[in-house]
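S.K.:
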Amino acid sequence: MKEAPGFAALGTRRLWALLAVLVLFALGVRTLGSKRTFHNGHVFLFGNDSWCHMRRVVFAMGHGLRLPEPDPYLNFPDGGATLWGGSFDRGVALAALAAGGRGWDRHTLEAFVSWIPPLLGALCVIPMFFFARRLYGDSAGIFSALALAILPGHV
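Residue numbers for the sequence shown follow this note's numbering, so the first one is 1099 and each next one is one higher.
1) When the Cα atoms are used, what is the spatial distance from residue 1231 to residue 1203?
2) Tell me whether the beta-carbon of residue 1159 lies closer than 8 Å to the beta-carbon of residue 1199.
3) If I measure Cβ to Cβ from residue 1243 and keep anything under 6 Å in the same chain, skipping five residues before and after, which residues do I get?
4) Does the segment 1204-1222 come into contact with the segment 1127-1141, if we say contact requires no fewer than three beta-carbon pairs (one atom in each stretch) closer than 8 Å?
5) When burial is assigned at 16 or more other CB atoms within 10 Å of the CB, is residue 1151 buried or exposed?
6) What would DSSP say about residue 1203, mapped onto helix, strand or coil?
7) Go through the segment 1131-1199 residue by residue and report every complete run of the alpha helix (DSSP H) that reaches 4 residues or more, in order.
8) If I follow the unbroken alpha helix (DSSP H) through residue 1110, where does it start and stop?
9) Quick check: what's the CA-CA separation for residue 1176 versus residue 1166?
10) Considering only the beta carbon of each residue, do residue 1124 and residue 1220 sit closer than 8 Å?
11) Residues in the same chain with beta-carbon distance under 7 Å from residue 1135, minus the five sequence neighbours each way, listed in chain order, please.
12) With a cut-off of 8 Å on the beta carbons, I'd call residue 1180 and residue 1192 a contact; round off their distance for me.
13) Do you know how far the Cα of residue 1190 is from the Cα of residue 1155?
14) Less than 8 Å between the C-beta atoms of residue 1127 and residue 1240, yes or no?
15) Taking the alpha helix (DSSP H) that residue 1249 falls in, what are its first and last residues?
16) The alpha helix (DSSP H) spanning residue 1235 covers which residue range?
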């Protein structure tokens, strides 16, 4: 497809720089509500999913990346099988351990883990750019990445 003259003239370095700016913009959009998460020296997790994932990450960090199965908090008092895979929880636990998280207090661990979803969401802009770019060209890649950066369902 033909490119708009403005984007075709950007060149490779400027295109990469623009992609980096879009990733940072996406991260900024996803962290707009961080004042509610980090408040008065405490980390406030929102929703049941956040607490459940945090509990599973803490468990995985202390048990060799193994997750509680059956999970005693599901179908109390008997416990139950989780309906979702554990890749996210294990991945976050592994990232925390790699960053030296074994000796962290609860607050530091919660703060570290709270940054993972916005970071992953912002990084999704990169594959979106490449998919759209491959199918429709540089302009579509840039506009698709920008749309994903601000799309309410993805934030």
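Even for Gly, the Cβ is constructed at its ideal location relative to N, Cα and C.
M.R.: The relevant details are as follows:
1) Their Cα atoms are separated by approximately 44 Å.
2) yes
3) 1120, 1223, 1226, 1227
4) yes
5) buried
6) The answer is coil: DSSP assigns residue 1203 none of H, G, I, E or B.
7) 1132-1135, 1145-1160, 1185-1196
8) 1110-1128
9) 13 Å
10) yes
11) 1141, 1142, 1212
12) Their Cβ separation, rounded to whole angstroms, is 18 Å, which puts residue 1180 and residue 1192 out of contact at 8 Å.
13) 7 Å
14) Taking C-beta atoms as the reference points, residue 1127 and residue 1240 fail to come closer than 8 Å.
15) Note, residue 1249: premise wrong, no alpha helix (DSSP H); not H, not E.
16) Segment: none, residue 1235 is in no alpha helix (DSSP H) and carries neither H nor E.
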